[in-house]
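Residues 1 to 381 in UniProt numbering are what the sequence shown spells out, letter by letter. Backbone N, C-alpha and C fix where the C-beta goes; we use that ideal spot for every residue, glycine too.
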Amino acid sequence: MHVHYSRRNRPSQRCAEPIINAELTVPAGLVDVHTHAIDADLPDLGRRYPHDHWPSLERDSETEAELLFGGVPYRRIDHRCWSPHARIIDMDRDGVALQVLSPIPVTFCYPASPAGTAELAAAQNEFFAKVTTEHPNRFAALGAVALQDPDRAVDELRRCMGQRGFLGVEIGTRVGDTELGDPSLDRFFGVAHELGAMVFVHPSDQDLPQRVIDTGVGFGVGMPTETALAAAALIASGALTRRPDVRICLAHGGGALPAIIGRLDKGATLTGASADSSMLPSRQARQLWCDSLTYSTDALHVAVGVFGHDHIVFGSDYPFPAMPQPVDDIVNTLHADLHQRICRTNLEEHYGALLGPGPDPLSATSRHRRAHGRPAAMDAH
1 MHVHYSRRNR PSQRCAEPII NAELTVPAGL VDVHTHAIDA DLPDLGRRYP
51 HDHWPSLERD SETEAELLFG GVPYRRIDHR CWSPHARIID MDRDGVALQV
101 LSPIPVTFCY PASPAGTAEL AAAQNEFFAK VTTEHPNRFA ALGAVALQDP
151 DRAVDELRRC MGQRGFLGVE IGTRVGDTEL GDPSLDRFFG VAHELGAMVF
201 VHPSDQDLPQ RVIDTGVGFG VGMPTETALA AAALIASGAL TRRPDVRICL
251 AHGGGALPAI IGRLDKGATL TGASADSSML PSRQARQLWC DSLTYSTDAL
301 HVAVGVFGHD HIVFGSDYPF PAMPQPVDDI VNTLHADLHQ RICRTNLEEH
351 YGALLGPGPD PLSATSRHRR AHGRPAAMDA H
């Protein structure tokens, strides 16, 4: 992200600083950490790696496309997925100052050839780098890595942080049958800490069990449960103790983890942990971050209680139908200090001072309502 650092907010000397251009600043408004994008011209990996399933795009027009996976239609998408100009129109309408781009999870491709997945990750990262270079005060990025090959993932992570100036990378909730707490991934997370990278953990519907798919609750139950399982595995394996300073951010408000953290604590005490132990799951969870995408004010408050008011960032899932309307609908119910922290300050404190005032609590809601023909007077509370 192209920002400047204040002395107070400068990262630890143990962490390498991202590439900075102090003359570029981010305008006032929301900083949206959870958005997805994809290159409209993906490499044709099916030719070189025909035994694996790969994502591809079939463009119907300048603004519409079918995203396929393994040659099978996966979802309809539009030009907001690949056009920064289309995104900026929406951002200006909704009062979003900066979006952090990240891969669409179907492109993780962890079961596929490591070489092919690494090639796909590099291609996506080049696309993100092009967008962030051309629009440095409106976009930042979380890159892709081939996590099934930790050495390749480390190499790509270093390129993302050192050459492209990304905030970090996005990964899935597990790598095949390997949990994120597995020691085989310690080096990857260690390098993420060394570089000051955010590791954004996002579930993929490709990992959901058939039972969840058959009952039609993949979005409502399967995805948040996958995230909770990933976080619980990080806690139970001791990985957060081995990696105490890595910035791991869980999508969707931490999934189901906030709802089950008390039960995890009880399970720990039943197996011998003391009630005041620093190893209690609820204590370890304070090391984690999450985004604000909970769809419920009550759920967001629970997440604040679990992760802390300083470990939550704003997320919308743009440009997909799951995003709230308006984008800041839930966070606008929060008191001013917490609203400011989630929408901007928490990220500033770890990735530099984003110049300019923070978001107006009513700006995005007002803009959205005006754009959709609703009078601004309706914004008065």
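Practice task
Could you tell me the distance, in whole angstroms, from the CA atom of residue 127 to the CA atom of residue 180?
Solution key: Taking the sequence shown and counting its residues from 1, the one referred to as residue 127 is at position 127. Taking the sequence shown and counting its residues from 1, the one referred to as residue 180 is at position 180. Straight-line Cα distance between these residues: approximately 27 Å.
Exercise for the section: Check residue 225 in the structure and name its three-state DSSP category. Expected result: In the sequence shown, counting from the first residue as 1, residue 225 sits at position 225. Reduced to three states, the DSSP call for residue 225 is helix.
Exercise for the section: Express the C-alpha separation of residue 42 and residue 119 in angstroms, rounding to a whole number. Expected result: Numbered from 1 along the sequence shown, position 119 holds the residue referred to as residue 119. Numbered from 1 along the sequence shown, position 42 holds the residue referred to as residue 42. Taking the straight line joining both Cα atoms gives about 10 Å.
Problem - Rounded straight-line distance, which links the Cα of residue 56 to that of residue 74 - result: To locate residue 74, count along the sequence shown from 1; it is residue 74. To locate residue 56, count along the sequence shown from 1; it is residue 56. C-alpha separation (whole angstroms): 10 Å.
Problem - Any non-hydrogen atom of the ligand FAD within 7 Å of residue 305 CB - result: No copy of the ligand FAD occurs in the structure displayed, which carries no ligand at all.
Practice task
With a 10 Å radius around its C-beta and 16 neighbouring C-beta atoms as the bar for buried, classify residue 213 as buried or exposed.
Solution key: Numbered from 1 along the sequence shown, position 213 holds the residue referred to as residue 213. Residue 213 comes out exposed.
Practice task
Counting only the same chain and skipping the five closest in sequence on each side, list residues whose C-beta sits under 8 Å from that of residue 90.
Solution key: To locate residue 90, count along the sequence shown from 1; it is residue 90. Excluding residues within five positions, the ones whose Cβ falls inside 8 Å are 80, 96, 318, 319.
Exercise for the section: Within its chain, find whatever has a CB closer than 8 Å to the CB of residue 158; leave out the 5 residues flanking it on each side and keep chain order. Expected result: Taking the first residue of the sequence shown as 1, we reach residue 158 at position 158. The residues are 191, 195.
Exercise for the section: Please work out which residues of its chain come closer than 6 Å, Cβ to Cβ, to residue 274, disregarding the five sequence neighbours upstream and downstream, and give them in chain order. Expected result: Locating residue 274 in the sequence shown gives position 274, where the first residue counts as 1. Within the same chain, residue 274 has no close Cβ partners at all.
Problem - Close-in-space but distant-in-sequence residues of the same chain around residue 129 (CB under 6 Å, 5 per side omitted) - result: By 1-based counting over the sequence shown, the position of residue 129 is 129. For residue 129, where only same-chain residues beyond five positions count, the Cβ hits under 6 Å are 164.
Handout entry: Environment of residue 113 [buried if 16+ CB atoms lie within 10 Å]
Key = Along the sequence shown, read from residue 1 onward, the residue named residue 113 stands at position 113. The residue is buried, with at least 16 neighbouring Cβ atoms inside 10 Å.
Practice task
Could you tell me whether the Cβ atoms of residue 147 and residue 175 are closer together than 8 Å?
Solution key: Working through the sequence shown from its first residue, we reach residue 147 at position 147. Working through the sequence shown from its first residue, we reach residue 175 at position 175. Yes; because the gap between Cβ atoms is below 8 Å, this pair is in contact.
Problem - Cβ neighbour criterion (16 or more within 10 Å) applied to residue 70 - result: Here residue 70 refers to the residue found at position 70 when the sequence shown is read from its first residue. Exposed.
Problem - Residue from 125, 98, 178 with nearest C-alpha to residue 343 - result: Taking the first residue of the sequence shown as 1, we reach residue 343 at position 343. Residue 343 has its Cα closest to that of 98, out of 125, 98, 178.
Exercise for the section: Grab the span of the beta strand (DSSP E) containing residue 189 for me, first residue to last. Expected result: In the sequence shown, counting from the first residue as 1, residue 189 sits at position 189. Element bounds for residue 189: not the beta strand (DSSP E) but the alpha helix (DSSP H), 186 to 195.
Practice task
Could you tell me which of 155, 115, 225, 228 sits nearest to residue 187, measuring between CA atoms?
Solution key: Position 187 of the sequence shown, counting from 1, holds the residue named residue 187. Nearest option by C-alpha distance: 155.
Practice task
Determine the burial state of residue 30: buried for a count of at least 16 other Cβ atoms within 10 Å of its Cβ, exposed for fewer.
Solution key: The sequence position of residue 30 within the sequence shown is 30, counting from 1. When all chains shown are included, residue 30 counts as buried.
Handout entry: Exposure label - residue 94; buried when at least 16 CB within 10 Å
Key = Position 94 of the sequence shown holds residue 94. With 16 or more other Cβ atoms within 10 Å, it is buried.
Exercise for the section: Taking the CB atoms as reference points, tell me whether residue 258 and residue 303 lie closer together than 8 Å. Expected result: Here residue 258 corresponds to residue number 258 of the sequence shown, with the count starting at 1. Here residue 303 corresponds to residue number 303 of the sequence shown, with the count starting at 1. For residue 258 and residue 303, yes; Cβs fall inside 8 Å.
Problem - Within 8 Å, strictly: CB atoms of residue 281 and residue 261 - result: Walking along the sequence shown from the start, residue 281 turns up at place 281. Walking along the sequence shown from the start, residue 261 turns up at place 261. Against a cut-off of 8 Å, the Cβ pair of residue 261 and residue 281 comes out as a contact.
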